[in-house]
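Let me begin by presenting the structure, written as structure tokens, before commenting on it.
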Amino acid sequence: MLTLKNLQQHFSGRGPLIHVVLDGWGIGEPDETNAIYQAKPPVMSRLTNDYPYTQLWTHGLHVGLPNDMDLGGSEVGHMTMGAGMIKEQGPTLIQKLIQSGEFFENPVLSRHIQNCVTHDTPLHLLGLLSNGNIHSHVDHTEAIIRHAFQAGLRRCYLHALLDGRDVGVQSALDFTEPFEKLFSELKSQRAEIDYAFASGGGREVVTMDRDNNWEKVEAGWNIHVHGKSENRFPSIRSAIEHFRKLNPEIIDQDIPGFVLVRNGEAVGKIENQHALIFTNFRGDRASEFSEAMLAKDFPHFERARPQILFAGMTQYDQDNEIPPDFLAGTPEVDDPFGKRILEIGLKQFRLTETQKFAHVTFFYNGGYREPL
Numbered sequence: 136m137l138t139l140k141n142l143q144q145h146f147s148g149r150g151p152l153i154h155v156v157l158d159g160w161g162i163g164e165p166d167e168t169n170a171i172y173q174a175k176p177p178v179m180s181r182l183t184n185d186y187p188y189t190q191l192w193t194h195g196l197h198v199g200l201p202n203d204m205d206l207g208g209s210e211v212g213h214m215t216m217g218a219g220m221i222k223e224q225g226p227t228l229i230q231k232l233i234q235s236g237e238f239f240e241n242p243v244l245s246r247h248i249q250n251c252v253t254h255d256t257p258l259h260l261l262g263l264l265s266n267g268n269i270h271s272h273v274d275h276t277e278a279i280i281r282h283a284f285q286a287g288l289r290r291c292y293l294h295a296l297l298d299g300r301d302v303g304v305q306s307a308l309d310f311t312e313p314f315e316k317l318f319s320e321l322k323s324q325r326a327e328i329d330y331a332f333a334s335g336g337g338r339e340v341v342t343m344d345r346d347n348n349w350e351k352v353e354a355g356w357n358i359h360v361h362g363k364s365e366n367r368f369p370s371i372r373s374a375i376e377h378f379r380k381l382n383p384e385i386i387d388q389d390i391p392g393f394v395l396v397r398n399g400e401a402v403g404k405i406e407n408q409h410a411l412i413f414t415n416f417r418g419d420r421a422s423e424f425s426e427a428m429l430a431k432d433f434p435h436f437e438r439a440r441p442q443i444l445f446a447g448m449t450q451y452d453q454d455n456e457i458p459p460d461f462l463a464g465t466p467e468v469d470d471p472f473g474k475r476i477l478e479i480g481l482k483q484f485r486l487t488e489t490q491k492f493a494h495v496t497f498f499y500n501g502g503y504r505e506p507l
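Laid out in structure tokens, this is it:
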């Protein structure tokens, strides 16, 4: 049990309260492996020496993640602070739905699969291949694939976004190989099916943007939707190995976008009457691509948008209802800190750089983007 230290320096008054969030700042062992300890930062050292403080756990069950092996992150941290309590986060909610079987009864998922069965068109899955539980988890993707197979779906294509950030920097094959084995396993049971990877690329290069860098979204659009890229490979392994041969130091998130081909043609373009599910559960890096897929008026790039069914794992932007169709809910925070501040008549001002805009608004407000 942590206790507050006695004050060595007293203060008084009713001045403003400042809540400063230092993303990535942690309390570790006082040794040579701890950069903060080695630096002996004067301001933080004075604050901890002269003023009362306590410590917070910022990972696993303490921030609503499935287990204590899960690393925390800015998003779950801000939401937990803003909520003032532990709320079960997206991955926890999805995991429970899958375990109970309720996930597979979702009418959105059923409609997507039935659409593909009726029209004999493929189901496309797009998402980060990772078990980091920050943006996604491969178990969720596998669950959808197995369910689609059991439902009689003939074709399913996986568009892989490579991580290397929330997991090992060169761990992509650790996540792609199990899916290759899964596809082979399913094909051994029904030879007529075609389950395969269709496209891919690093999360920092294609698709997963949150800073209005629409060129990045367009790059993903071209490979996933149109099957267009100068980087064309027969398998996802050959693509990853090619880029690592060119640059042995390249990390997965920086691998250029690529298309997988068979007999000279893209394996899995996204076309009319197909269905697409974005398997990321976190919204900030999924909402822009979702907007491109859904918006009628779209000024950012030429799309040639196919007429398809589209759903997200969760609703990425609740204020704008993007997407309107989704497979699982998000944490519900009815009374976030910012709302309570307003209710008692106080003012608040939030300041951050662009990359953390969503954290001090959407996440800190419990899932709502609009200012409180």
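Positions 136 to 507 (our numbering) are the ones given, in order, by the sequence shown.
Note that CB positions come from ideal geometry on N, CA and C, so glycine has one too.
A distance below 8 Å separates the beta carbons of Val252 and Leu288.
One alpha carbon belongs to Phe314, the other to Tyr292, and they sit about 11 Å apart.
A check of alpha carbon separations from Leu486 across Val156, Leu263 and Ala401 identifies Val156 as the nearest. In the three-state scheme derived from DSSP, where H, G and I count as helix and E and B as strand, Gly337 is classed as strand. A straight-line Cα-Cα distance of about 31 Å links Leu228 and Pro441. Residue nearest to Glu237 within the set Glu478, Lys351, Val394 and Gly464 is Gly464 (criterion: CA-CA distance). Separation of Val495 and Asp469 (C-alpha to C-alpha, rounded to the nearest whole angstrom) is 17 Å. With contacts defined by Cβ atoms closer than 8 Å, Gly335 and Ala283 do not form a contacting pair.
Shown here for Phe318: same chain residues with a beta carbon closer than 7 Å to its own, the five before and five after excluded, namely Tyr330 and Ala331 in chain order. Take His270, set aside five residues on each side of it, and the residues of its chain with a beta-carbon closer than 6 Å to its own are Leu263, Asn415 and Arg417, in chain order. Within the segment 444-481, complete alpha helix (DSSP H) segments of at least 4 residues are found at 472-478, given in chain order.
Between Ile233 and His275, the C-beta gap is smaller than 8 Å, which places the two residues in contact.
Counting only runs that start and end inside the segment 215-281, the beta strand (DSSP E) elements of at least 3 residues fall at 258-264. By the Cβ rule, the segment 426-439 does not count as touching the segment 385-402, because fewer than three pairs are nearer than 8 Å.
Residue state for Ala374 is assigned as helix, using DSSP reduced to three classes. When Cβ pairs closer than 8 Å are counted between the two stretches, the segment 190-197 is seen not to touch the segment 474-483, the count staying below three.
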